[in-house]
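Heads up: the structure comes next, in structure tokens.
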């Protein structure tokens, strides 16, 4: 969707600048009301896109098991 495309644009703009400053880690937090559906889907999609661009990605779904 449009939000995801804009987020990808922002990350592909920012990440090279982080790298050029010698930073090797960028933490991005994405939340939603329950932490089980929207944030998980969005996180997985953006991770897939960033991996496709050659970036190493680690995802953690903190609240997916929460009731």
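Residue numbers (the numbering used here): 6 to 72.
Where a beta carbon is used, it is the ideal one built from N, C-alpha and C, also for glycine.
Check	Outcome
Close-in-space but distant-in-sequence residues of the same chain around residue 55 (CB under 6 Å, 5 per side omitted)	62
Assigned exposure category for residue 64 - 16 Cβ within 10 Å defines buried	exposed
Residue 42 versus 29, 53 and 70, residue with shortest Cα-Cα distance	70
The alpha helix (DSSP H) enclosing residue 49, as first and last residue numbers	43 to 57
Separation of residue 34 from residue 27, as counted between CA atoms	21 Å
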